[in-house]
Structure formats: structure tokens, C-alpha cells
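Be aware that the sequence shown starts at 1, since it is given in my numbering, and climbs by one per residue.
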Amino acid sequence: MFDRPDAGERAILVHLAFYSGQEDLAELIELAKSAGTIPVHQLTGSRHSPDPKYFIGKGKLEELKNCIQIYTADIVLFNHTLTPSQERNLETALGIRVIDRNGLILDIFAQRAQSFEGKLQVELAQLQHLSTRLVRGWTHLERQKGGIGLRGPGETQLETDRRLLSQRIKQIRKRLEKVDKQRHQGRAKRKKAEIPSVSLVGYTNAGKSTLFNALTGANCYAADQLFATLDPTLRNCRLRNNKEIVLADTVGFIRHLPHELVAAFKSTLQEASEADLLLHVVDAHAQDRDETIVQVNAVLAEIDAAQIRQIQIFNKIDLLDGIAPRIDRDDHGAPVRVWMSAESGAGVELLYQVLAELFSTGPLFKKRCYLHPDQGSLRAKLFTCAKIINEHIDDSGMSELLIEIDAKHLGLLKSLKYEEA
Numbered sequence: 001m002f003d004r005p006d007a008g009e010r011a012i013l014v015h016l017a018f019y020s021g022q023e024d025l026a027e028l029i030e031l032a033k034s035a036g037t038i039p040v041h042q043l044t045g046s047r048h049s050p051d052p053k054y055f056i057g058k059g060k061l062e063e064l065k066n067c068i069q070i071y072t073a074d075i076v077l078f079n080h081t082l083t084p085s086q087e088r089n090l091e092t093a094l095g096i097r098v099i100d101r102n103g104l105i106l107d108i109f110a111q112r113a114q115s116f117e118g119k120l121q122v123e124l125a126q127l128q129h130l131s132t133r134l135v136r137g138w139t140h141l142e143r144q145k146g147g148i149g150l151r152g153p154g155e156t157q158l159e160t161d162r163r164l165l166s167q168r169i170k171q172i173r174k175r176l177e178k179v180d181k182q183r184h185q186g187r188a189k190r191k192k193a194e195i196p197s198v199s200l201v202g203y204t205n206a207g208k209s210t211l212f213n214a215l216t217g218a219n220c221y222a223a224d225q226l227f228a229t230l231d232p233t234l235r236n237c238r239l240r241n242n243k244e245i246v247l248a249d250t251v252g253f254i255r256h257l258p259h260e261l262v263a264a265f266k267s268t269l270q271e272a273s274e275a276d277l278l279l280h281v282v283d284a285h286a287q288d289r290d291e292t293i294v295q296v297n298a299v300l301a302e303i304d305a306a307q308i309r310q311i312q313i314f315n316k317i318d319l320l321d322g323i324a325p326r327i328d329r330d331d332h333g334a335p336v337r338v339w340m341s342a343e344s345g346a347g348v349e350l351l352y353q354v355l356a357e358l359f360s361t362g363p364l365f366k367k368r369c370y371l372h373p374d375q376g377s378l379r380a381k382l383f384t385c386a387k388i389i390n391e392h393i394d395d396s397g398m399s400e401l402l403i404e405i406d407a408k409h410l411g412l413l414k415s416l417k418y419e420e421a
């Protein structure tokens, strides 16, 4: 569809300083590596405002041309959002592919999406991003001359492509609406069963998937790279007080997450917006951790999740010197932060302690129960609703169980022979 230059692996990164708190160059390098490119040079500079035609000034444009020749680059990656006309003008002037920050993130998402839902979400975001650039892709067909019979095929081709894009976007949205309904039914079912929902949120590469695996015993993909996993994953997790919760691993956030992605991943991010508790995972070793906390909270506000109770998880303390696992509490004694390492396991028990404290079912009663061999269904219920400390089965098949059970489920013992332990 687009008459654009081919892209290769050798990339030149362009970063201009406009204001404080903007995207970081080091983050662009990590994004470029995550996309599979090889950063060969970084072109930096500063301006008061972007150039309307090329984003960078004419002097930087000439410098960029020289860098492309010197480093034999195949692609230029901008750490900024370019307008469609700026992107096209740059490609025409440079002769190689130009990708802005949003396009780069979309490309990474396209590579990482594995599930049917994830692929649909990424395709929707890409089509929405592409629709704003469609006009610039057919300049070689725009030969309109005024007068009947003298119009070129450009207008017809553009209208055809717009219609095809619009139809595909509608199809994807309908499919995602069905997925959203299924997710909503699942959440409603969990709420009816009074199973609390806990969502892991945080900046990309903070260690959410590693923590998710540590808490649930799952084997979700986790790697030291940006957006290592996109597809939402839900797992049951049983706490030390035998309370069951549902843990959700969500997509990582990043500075100025493209609006196309926020819109496309609405159903995924809704797991966070409708959770009972958010575990905000922070890379404690990162130099800009305070900035990333602000960025994550900004995205949470955008998806209407800012009002949900949040516990900060300062992860990766194994990379810090002299920091031991601990729980930070506020003036009322409520937990607000856990220092731990999901990779080494240090502090995981403290997190379990916090979760059990927040989702406490009240006092636990220790009982010694005796079950006949024909009471297997009742035994199964006890294993679901109580903590089984010990079980002994004698030669006759009689079971003796030492359990801890909450007041809500004490009624299960009415049909049993039991005694205080």
C-alpha cells in the first residue's frame, strides 16, 4: 500500500531535547533493541519547537544524511511523535525508512502478541495509526488535473483504501466487543463468588511477569526487555490464610503510551480498572524509578483506575546494596510498600503476608475433624474452604484432619465429628 523505502536492522536514533520529563534516550535504545534493530548511532540536539516540515532543522537534516552514509544505516528511529507529513518528508529527503516512537512501540507489540485477542488489539492499533498516514502513501497516483476525464486514479485508490481500512477496523472492534463481554462475564462470576481480583501494574520491564510466576507458580514468559509479554494472564492464587484471589498480569506501561494502544487494549486494561487491589511493581534499581511511578499513575488515571487501592512493590532489591526485604506502613499501620526480589524470592513471604492481611476472612479456628470413607465430597469442600494442616487415614479408611477454618465456613463441620485442636 505504501510506496516507502525498505527497512533493515541498522538504526540511527534521533533524540531532541525540548523540555524536562520527556522521553529518555536510554529508553529509546531499549525500545530499538526490543524491536530487533541494531542502534549504530545516536543523533541528539535541542530545539525550542519542532520544525513543521522535517521536525528537525535543516542543519540536523544534513547531519543525519551524513550519519546515514557513514554508518550505512537502514532505518531512522525518532524518539518523538511525528506527523504523517513530517514522516513522509523525512523519508523523501533521506531515502530510507523513518519510524516515530509510536510506530516503534506498535511494531514491538505486533512482534510480541501471541493470543488471538492480543493480535486483534495490535492490529486495531496499527490500522488506527495507519489511517492517519494513508494519504501520504499514494502521492505517485495523485495526478488530478481539473476537468472531466482528466482525473488520475489517485482519488479512487485513496477512497478504496479508506473504505477497506474502515471495514476492517469495524470487524476487529466487533470481535473485541465479544471478547470484552466474555471478560466482563468472568469478572462478574468472580465477584458473585466473592473472589477478590488483584492486578499487577507497572512500568515495562519492572518484573511483573516474574512476580506473577513467583506468586502463582505459572510459567509465563518473562525476559529482561521492554514489553516482554502483552497478553493478559489470569491465575488463581491461594494465600496463607487459605483465602483465594485471582491475580492478573497486565501489559507494561511506558511514557506517553500511544493513545491507539490505550484504546485498543481497553479490555485488557479493564482488568486493572475493575480490580479490588493494584500491585504497582517498581524497579527499585532504576535511576528514574520516581519518574516511572508518576508515568504509571498517569496511565492509571487515564483508564479510570486511579481510585483503586494500590500497594507499591519495590522489586529487584537483589541489585541494591544493603537493602533487606521489608514492609513499609503508613501512620495507621496499613501496608503501603513491600521491598522484595521476585527473581531471588526474597520478600515473597512478606507480600503473601500483606495480601493475607488485606483480604483477611476474620479469625481462624483450629479444628480436628473425622471423616468416614463415604464423605469424600465433604472432604473436597474442606480442602477448598479450609487450610489443611495435617491429614491421617487409618486402615479402615477413616480420615483425621487438622484444619484451620474461618467463621464463614464453620457450618461445614455440622455434619462431621470434630473437636477443638
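Idealized CB from N, CA, C, for every residue including glycine.
Rounded to a whole number of angstroms, what is the C-alpha to C-alpha distance between His285 and Arg47?
32 angstroms
**Request:** Please state whether DSSP places Leu150 in a helix, a strand or coil.
**Result:** Interpretation of Leu150 is limited by its pLDDT of 46, a score under 50 that renders its predicted location unreliable; no figure is taken from the coordinates.
field: Distance between beta carbons of Thr216 and Leu247, contact taken as under 8 angstroms
entry: 6 angstroms
- prompt: Going by other Cβ atoms of all chains shown within 10 Å of its Cβ, with 16 needed for buried, is Thr250 buried or exposed?
  reply: buried
| field | Alpha-carbon to alpha-carbon, Ile389 and Ile313 | value | 30 angstroms
Q) Below 8 angstroms between beta carbons: does that hold for Ile99 and Ile68? A) no
| task | Work out the CA separation of His409 and Leu77 for me, nearest whole Å. | result | 59 angstroms
*asked:* Classify Leu150: buried if its beta carbon has 16 or more other beta carbons within 10 angstroms, exposed otherwise.
replied: Confidence is the limiting factor: at Leu150 the pLDDT is only 46, short of 50, which leaves the residue's position unreliable and the question unanswerable from this model.
Contact set for Gly45: own chain, Cβ-Cβ below 6 angstroms, skip 5 residues either direction: Leu16, Lys60
Original post:
For the alpha helix (DSSP H) that contains Ala26, what are its first and last residues?
Top reply: 25-34
Checklist entry - Does the beta-carbon distance from Tyr203 to Thr292 come in below 8 angstroms? => result yes
Q. Where does Lys170 land, buried or exposed, given buried means 16+ other C-beta within 10 angstroms?
A. exposed
- Query: Using 8 angstroms as the Cβ pair cut-off and three pairs as the minimum, do the region 300-313 and the region 268-284 touch?
  - Reply: yes
Subject >> Per DSSP, cross-strand counterpart(s) of Thr83 >> reply: For Thr83, which the question treats as bridged, DSSP gives no partner whatsoever.
Going by C-alpha to C-alpha distance, which of Glu159, Leu319, Lys58 sits closest to Ser344?
Leu319
Sort Leu412, Arg163, Ile308 by Cα distance to Ser273 and report the nearest one. Ile308
Would you check if the distance between the CB atom of Val338 and the CB atom of Leu351 is smaller than 8 angstroms?
-> yes
_Own chain partners of Gly411 with C-beta closer than 8 angstroms, once the 5 adjacent residues on each side are dropped_ = none
Just the C-alpha distance for Leu413 and Lys189, rounded to the nearest angstrom, thanks. 27 angstroms
Run of the beta strand (DSSP E) containing Asp283, from where it starts to where it stops = 277-283
Does Asn66 pass the burial test, meaning 16 or more other C-beta atoms within 10 Å, or should it be called exposed? exposed
- Query: At a cut-off of 7 angstroms, is His129 close to the ligand MG when judged by its beta-carbon and the heavy atoms of the ligand?
  - Reply: Absence of the ligand MG from the depicted structure is noted, as is the absence of any ligand whatsoever, leaving it without description.
For Asn205, which three-state DSSP category applies?
-> coil
- How many Å lie between Leu28 and His129 at the Cα? 19 angstroms
* Asked: Cα-Cα, which of Asp51, Ser415, Asn236 is closest to Glu87?
  -> Asp51
| field | Cβ neighbours of Ile172 in the same chain (closer than 8 angstroms, five flanking residues each side left out) | value | Leu120, Glu123, Leu124, Leu127
inquiry  = So, at 7 angstroms on beta carbons, what are the nonlocal neighbours of Arg289 in its own chain, with the 5 sequence-adjacent residues on each side left out?
reply    = Val282, Asp283
By how many angstroms is the C-alpha of Ala206 removed from the C-alpha of Ala346? 16 angstroms
(request) Could you please give me the residues that DSSP links to Tyr54 through a beta bridge? (result) Paired residue(s): none; Tyr54 is not in a bridge.
Grab the span of the alpha helix (DSSP H) containing Ser46 for me, first residue to last.
That residue, Ser46, is in no alpha helix (DSSP H); its beta strand (DSSP E) goes 38-46.
Item to complete: Report all residues from its chain with a CB closer than 6 angstroms to the CB of Leu371; omit the five preceding and five following residues, and keep chain order.
Response: Arg379, Ser399
Separation of Asp161 from Lys145, as counted between CA atoms: With a pLDDT of only 47 at Lys145, under 50, the local geometry of the prediction cannot be trusted, and the value read off the model is given with reservation. Near 21 angstroms, if we compare the C-alpha coordinates of Asp161 and Lys145.
Going straight from the alpha carbon of Trp138 to that of Gly57, what length do you get? Low confidence applies to Trp138: its pLDDT is 45, below 50, so where it sits in the model is not reliable enough to give any reading.
Quick check on the DSSP output: what are the complete alpha helix (DSSP H) runs of length 4 or more inside the region 355-385, in order along the chain? 376-385
| request: Compute the Euclidean distance between the alpha carbons of Ser131 and Asp321, then round it to the nearest angstrom. | output: 50 angstroms
(request) Please look up how many angstroms separate the CB atoms of Val71 and Ile12, rounded, as I've assumed it's under 8 angstroms. (result) Correcting the residue type first, residue 71 is Tyr in the shown sequence and not Val. Going by Cβ atoms, the distance from Tyr71 to Ile12 rounds to 6 angstroms, so yes, they are a contact pair.
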